[in-house]
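Residue numbers for the sequence shown follow the numbering used here, so the first one is 115 and each next one is one higher. Just so it is clear, CB atoms sit at the ideal spot from N, CA and C, and this is done for glycine as well.
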Amino acid sequence: MTWDFETDPDFQQKLDWADAFVRQEVEPLQFVLDSAYDVKNPLFQRLVRPLQAEVRRQKLWACHLEPELGGEGYGQVKLALLNEILGRARFAPVVFGAQAPDSGNAEILARFGTHEQKERFLKPLLANEIVSAFSMTEPQGGSDPTQFQTTAVADGDDWVINGEKWFISSGPFAAFHIVMAITDPEAKPVNRLSMLLVPADTPGIETVRVASIAGHRTPSHSYFRYNNVRVPKDYMLGEPGQGFAVAQTRLGGGRVHHAMRTLGEAQKAFDMVCERVISRQAQGGRLGDRQMVQEKIADSWIEIEQFRLLLMRTAWRIDHYNDYMKVRRDIAAIKAQMPKLLHDVVARALHLHGAYGISDEMPFLSMIANSFVMGLADGPTEIHKVTVARQTLRTYTPSPDLFPAYSMLNKQAAADEKFRDVLEGLTLETAHT
Numbered sequence: 115m116t117w118d119f120e121t122d123p124d125f126q127q128k129l130d131w132a133d134a135f136v137r138q139e140v141e142p143l144q145f146v147l148d149s150a151y152d153v154k155n156p157l158f159q160r161l162v163r164p165l166q167a168e169v170r171r172q173k174l175w176a177c178h179l180e181p182e183l184g185g186e187g188y189g190q191v192k193l194a195l196l197n198e199i200l201g202r203a204r205f206a207p208v209v210f211g212a213q214a215p216d217s218g219n220a221e222i223l224a225r226f227g228t229h230e231q232k233e234r235f236l237k238p239l240l241a242n243e244i245v246s247a248f249s250m251t252e253p254q255g256g257s258d259p260t261q262f263q264t265t266a267v268a269d270g271d272d273w274v275i276n277g278e279k280w281f282i283s284s285g286p287f288a289a290f291h292i293v294m295a296i297t298d299p300e301a302k303p304v305n306r307l308s309m310l311l312v313p314a315d316t317p318g319i320e321t322v323r324v325a326s327i328a329g330h331r332t333p334s335h336s337y338f339r340y341n342n343v344r345v346p347k348d349y350m351l352g353e354p355g356q357g358f359a360v361a362q363t364r365l366g367g368g369r370v371h372h373a374m375r376t377l378g379e380a381q382k383a384f385d386m387v388c389e390r391v392i393s394r395q396a397q398g399g400r401l402g403d404r405q406m407v408q409e410k411i412a413d414s415w416i417e418i419e420q421f422r423l424l425l426m427r428t429a430w431r432i433d434h435y436n437d438y439m440k441v442r443r444d445i446a447a448i449k450a451q452m453p454k455l456l457h458d459v460v461a462r463a464l465h466l467h468g469a470y471g472i473s474d475e476m477p478f479l480s481m482i483a484n485s486f487v488m489g490l491a492d493g494p495t496e497i498h499k500v501t502v503a504r505q506t507l508r509t510y511t512p513s514p515d516l517f518p519a520y521s522m523l524n525k526q527a528a529a530d531e532k533f534r535d536v537l538e539g540l541t542l543e544t545a546h547t
């Protein structure tokens with residue numbers, strides 16, 4: 115068994131290159147471009163395409179995918195190290211070919227798509243010639259699939275889709291949707307849903323409205339209504355009733371990647387506040403020399419390091435088991451913890467910048483808003499805490515007795531029985547002396 119906290123020197127060189135590249139070339143993009151999904155924008159093509167080409171030359175493009183799909187197949191540990199760097203910049207995931215929801219949709223197509231589906235949808239998606247949408251959540255049920263009402267009914271050689279999907283990322287720009295719909299309403303809840311490919315130009319897709327996310331200039335989350343939308347029967351991904359299984363292909367890895375990038379965003383805020391407190395003079399000394407300030411710096415450093423260790427262990431376990439279900443509790447734990455980490459680290463950074471921290475000249479309010487996004491995306495925090503608790507309690511056995519074996523009385527009785535011969539011998543020796 116090996117246990118190591120060092121990074122391979124060759125990969126560390128790639129990380130060092132990526133860190134400098136993101137800081138110098140990618141971070142400035144968010145100040146001149148509106149959306150990372152608007153791949154047809156001439157300015158996007160002029161500024162982003164050359165950077166993507168450089169990432170490809172460095173063999174860091176779409177690293178979450180296997181080589182046969184155009185990636186590097188680095189595994190989750192290396193992805194964790196890289197994605198922490200990408201978390202510093204809004205446009206970094208698209209520059210490195212790892213932007214959600216496209217990264218997860220690509221994994222679904224790679225695993226469940228037919229040859230024709232891969233040629234039409236996956237190939238241009240991997241090249242970032244197009245973007246896609248994962249059309250799952252619904253307005254009446256949020257992210258709870260048991261409350262979904264969108265249906266896909268077989269009609270000849272087609273599926274006919276009717277229903278509404280809410281808060282669909284990249285919706286206005288997507289070339290196709292992956293839609294989760296009920297195909298067998300009489301089946302058990304886990305077997306009712308299926309996944310269907312739906313080109314965005316299919317007749318019957320209505321955009322009800324598009325919502326903005328705090329801190330983003332361009333509305334990007336769509337409210338779709340599907341009105342008798344027809345797609346061929348062979349546009350299903352996986353088998354009928356496999357919607358949950360297909361979704362887990364993208365959600366397990368996606369949650370880990372979100373956590374990796376969230377860590378990078380928290381580290382960015384921490385770097386900013388550390389520079390602030392050693393630069394700012396107040397009441398005859400540096401802010402950083404005040405004990406109450408030092409406490410805030412210490413709390414943030416400890417929380418970042420704790421989260422990084424949990425995250426890296428989770429990544430290692432995913433690589434080790436190659437089975438997301440065996441790491442379900444770990445993934446749920448980091449998903450539950452990451453919004454709190456980001457919120458708390460950023461809130462301290464904002465506070466220590468004083469009035470400047472709440473101004474629109476600093477990014478902290480946007481970062482705090484993003485902490486709430488992270489607490490809702492891919493399922494609310496409470497759901498993931500329930501998963502952690504359930505997975506944990508399954509490893510324990512209930513006590514058959516009214517008073518448990520760990521009570522002090524029972525422990526005393528067990529100890530007396532364990533050492534009875536020794537204790538009786540001591541008693542006899544005492545009696546003879």
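Inter-residue CB distance, residue i and residue j (contact presumed, cutoff 8 Å)
i: N242; j: Q159; result: Going by Cβ atoms, the distance from N242 to Q159 rounds to 10 Å, so no, they are not a contact pair.
i: A429; j: Q261; result: Not a contact, Cβ separation roughly 32 Å.
i: V459; j: E417; result: 7 Å
i: L490; j: A380; result: Incorrect: roughly 17 Å between the Cβ atoms, too far for contact.
i: I292; j: L351; result: 7 Å
i: Q356; j: S308; result: 6 Å
i: W273; j: K347; result: 6 Å
i: L196; j: G187; result: 13 Å between Cβ atoms; not a contact.
i: F287; j: V345; result: That belief does not hold up - the Cβ atoms of F287 and V345 are roughly 20 Å apart, past 8 Å.
i: V209; j: V169; result: 6 Å
i: A383; j: F478; result: 7 Å
i: Y337; j: T264; result: Incorrect: roughly 13 Å between the Cβ atoms, too far for contact.
i: R369; j: I482; result: Actually they do not touch by this definition, with Cβ atoms about 21 Å apart.
i: Q213; j: A150; result: 6 Å
i: Y349; j: L310; result: 6 Å
i: E252; j: E278; result: 6 Å
i: S521; j: H371; result: The pair is not a contact, with the Cβ atoms about 45 Å apart (cut-off 8 Å).
i: A447; j: V500; result: The Cβ separation is near 12 Å, so there is no contact.
i: M452; j: T506; result: In fact, because the Cβ distance is near 19 Å, the residues do not count as touching under 8 Å.
Min CB distance residue i to chain D below 7 Å
i: G184; result: In summary, chain D is missing from the structure at hand, where a single protein chain is found.
Segment limits, alpha helix (DSSP H) that includes residue i
i: M488; result: 478-488
i: A429; result: 405-435
i: N276; result: Taken as a continuous stretch (DSSP letters only), N276 belongs to no alpha helix (DSSP H), being part of the beta strand (DSSP E) at 272-283.
i: D530; result: 522-532
i: F158; result: 156-171
Range covered by the beta strand (DSSP E) that runs through residue i
i: N342; result: 335-346
i: D444; result: Segment 442-466 is the alpha helix (DSSP H) holding D444; no beta strand (DSSP E) there.
i: R137; result: Where R137 is concerned, there is no enclosing beta strand (DSSP E), given that its DSSP letter is neither H nor E.
i: V324; result: 319-325
i: T506; result: No beta strand (DSSP E) contains T506, which is instead part of the alpha helix (DSSP H) from 495-507.
i: A328; result: No beta strand (DSSP E) contains A328, which DSSP labels as neither H nor E.
i: A268; result: 265-269
Which residues DSSP lists as bridging residue i, in chain order
i: A295; result: S308
i: Q231; result: Bridge partners of Q231: none, in fact.
i: G256; result: E252
i: L351; result: M309
i: G398; result: Answer is none; G398 lacks a bridge partner.
i: S149; result: Its beta-bridge partners do not exist; DSSP assigns none.
i: A247; result: H291
heavy atom of the ligand HEM below 6 Å from residue i C-beta
i: G189; result: With respect to the ligand HEM, the structure offers nothing, as it holds no ligand at all.
Straight-line Cα distance separating residue j from residue i
i: L223; j: V387; result: 42 Å
i: W175; j: E353; result: 31 Å
i: N484; j: R204; result: 11 Å
i: F125; j: A194; result: 12 Å
i: M426; j: K302; result: 36 Å
i: L466; j: R390; result: 8 Å
i: Y435; j: T544; result: 58 Å
i: T495; j: D535; result: 54 Å
i: S414; j: L540; result: 55 Å
i: P142; j: G399; result: 34 Å
i: P333; j: S480; result: 15 Å
i: G378; j: V312; result: 34 Å
i: R364; j: L523; result: 51 Å
i: P156; j: R163; result: 10 Å
i: E320; j: T511; result: 52 Å
i: V153; j: F486; result: 27 Å
i: Q127; j: R323; result: 45 Å
i: V343; j: V304; result: 24 Å
i: G201; j: P207; result: 8 Å
i: D437; j: A268; result: 33 Å
i: A328; j: H335; result: 12 Å
Requested in this report: Jot down the residue ranges of each uninterrupted alpha helix (DSSP H) in the region 188-244, minimum 4 residues, whole runs only, in chain order.
Outcome: 190-200, 206-209, 216-226, 237-240
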